[in-house]
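Structure first, commentary second.
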Amino acid sequence: MMLVDAPCSGEGMFRKDMQAREEWQPNSPIQCADRQRLILSDVWDSLKEGGLLVYSTCTINQEENEDIVQYIVEILGAEAINLGDISGGVWKSPFSQYPCYRMLPHKAKGEGLFMAVLRKTSATEPSRIKTNKGKKKNNQTVTEFPKEIKQWVRFSDNYNFQVEDGIVYALNDAVQATYLGLKAQEITPISIGIPLATLKGKDAVPHAGLALSTELNTEIFPKFNVDEQMLISFLSRENITIDASISKGFVLISHQDLPLGFVKHLGNRSNNLYPQEWRIRNSDKIRQNLNGA
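When we follow the numbering used here, the leftmost residue of the sequence shown carries the number 6, and every step to the right adds one.
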């Protein structure tokens with residue numbers, strides 16, 4: 006078992022600690038979340054397969070809590086454990102599709118606290134963990150991956166396919182020439198061509214950037230058109246309910262027939278694949294404006 010009581014922005018201590026209030030800045034949650042991901046990726050190999058991780062903070066924001074649990078589950082490779090009903094003012098978080106728990110000062114004895122218990126799974130692949138320690142990138146040809154990836158863009162014969170940091174890109178000849186020139190100078194581009202898929206083990210998950218490309222082959226994926234309210238939920242990275250008649254698997258979400266991104270439809274629920282760094286953070290205010298409040 007491993008306990009990571011992560012350094013955090015300390016929002017749960019505001020009531021009793023004046024220094025915590027004075028040190029807090031608007032960018033504190035993002036900075037702390039980056040630090041927490043780095044700490045977790047560094048210690049992850051020390052936890053045995055099947056071992057338990059208890060992750061906790063004394064802060065309240067979603068970036069350092071629910072979003073980090075999602076990172077542990079989806080990137081490092083773990084399952085979040087449902088602890089069932091817990092008394093004493095412990096509140097199961099409604100802000101995550103994975104079980105995690107909040108203790109709020111007005112409900113529990115003590116100050117603000119967040120906690121999740123996760124089990125390391127056999128799906129963990131340490132090579133997928135990103136660090137900044139000079140690790141060489143593992144570029145492979147797309148022929149090693151499912152051929153259907155190439156069909157996710159129109160006129161696939163016009164493209165070359167390249168893997169960079171676990172993401173499959175489609176590049177036309179001009180873009181590929183620029184890319185190879187940059188690589189020869191040891192310059193790593195932030196983005197290249199059209200992002201098609203993120204590789205997770207043997208699986209290929211459609212990239213959100215593909216949905217926004219005019220080269221998306223819209224015939225590949227089942228489609229689900231959302232109304233304005235569901236649109237806000239999707240762009241806020243909240244879970245949305247997909248029509249049961251739609252086939253299970255990756256579904257293209259659109260509004261007024263304009264593609265926006267993807268979910269993975271599991272039948273009784275769906276996983277929102279919209280990137281957390283793109284998500285709307287003030288969805289309640291947008292809903293109020295939409296409703297004329």
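Virtual Cβ for every residue (Gly too), placed ideally from N, Cα, C.
Source: prediction; values computed, not measured.
Kindly indicate which residue of Ser161, Tyr60, Val173 and Asn87 has the alpha-carbon position closest to the one of Phe119.
Its Cα nearest to that of Phe119, the residue Tyr60 stands out among Ser161, Tyr60, Val173 and Asn87.
With DSSP collapsed to three states, give me the class of Gly206.
Coil.
Near Ser132, what residues of its chain come up, given a Cβ to Cβ distance below 6 Å and the 5 sequence neighbours on each side ignored?
Confidence is the limiting factor: at Ser132 the pLDDT is only 39, short of 50, which leaves the residue's position unreliable, though a coordinate-based value still follows. Cβ neighbours of Ser132 beyond the five flanking positions: none.
Can you name the start and end residues of the alpha helix (DSSP H) that Gly186 belongs to?
Asp178 to Ala189
Please state if the CB of Tyr76 and the CB of Leu57 are separated by a distance shorter than 9 Å.
no
Starting from Ile35 and walking both ways along the beta strand (DSSP E), at which residues does that stretch end?
Careful: Ile35 lies outside any beta strand (DSSP E), inside the alpha helix (DSSP H) at Ser33 to Val48.
Would you kindly work out how many angstroms separate the C-alpha atoms of Phe229 and Pro211, rounded to a whole number?
15 Å
Just reading off the alpha helix (DSSP H) that Lys114 is part of, what are its end residues?
Careful: Lys114 lies outside any alpha helix (DSSP H) and carries neither H nor E.
Under 9 Å between C-beta atoms of Leu109 and Ile65:
yes
What did DSSP end up calling Ile199 once you bin it into helix, strand or coil?
strand
Buried or exposed for Thr148, please, with buried defined as at least 16 other CB atoms from any protein chain shown within 10 angstroms of its CB.
Since pLDDT at Thr148 reaches only 41, below the 50 mark, its modelled position is unreliable, and the value read off the structure follows with that caveat. The C-beta of Thr148 has fewer than 16 other C-beta atoms within 10 Å across all chains shown, which makes the residue exposed.
In angstroms, rounded to a whole number, what distance separates the CA positions of Ala85 and Leu295?
35 Å
Pro227 and Gly266 - do their beta-carbons sit closer together than 9 Å?
Taking 9 Å as the cut-off, the beta carbon of Gly266 is found no closer than this to the beta carbon of Pro227.
Are the beta-carbon atoms of Leu201 and Ala213 separated by less than 9 Å?
no
To the nearest angstrom, report how far apart Ala175 and Ser238 are at their CA atoms.
30 Å
Straight-line Cα distance separating Thr203 from Gln190
Spanning the alpha carbons of Gln190 and Thr203 requires a straight line of approximately 26 Å.
Rounded separation between Thr246 and Ser275 - CA only:
7 Å
How would you call Glu54, buried or exposed, if buried means at least 16 neighbouring beta carbons within 10 angstroms?
By the beta-carbon neighbour count (other beta carbons within 10 angstroms, threshold 16), Glu54 is exposed.
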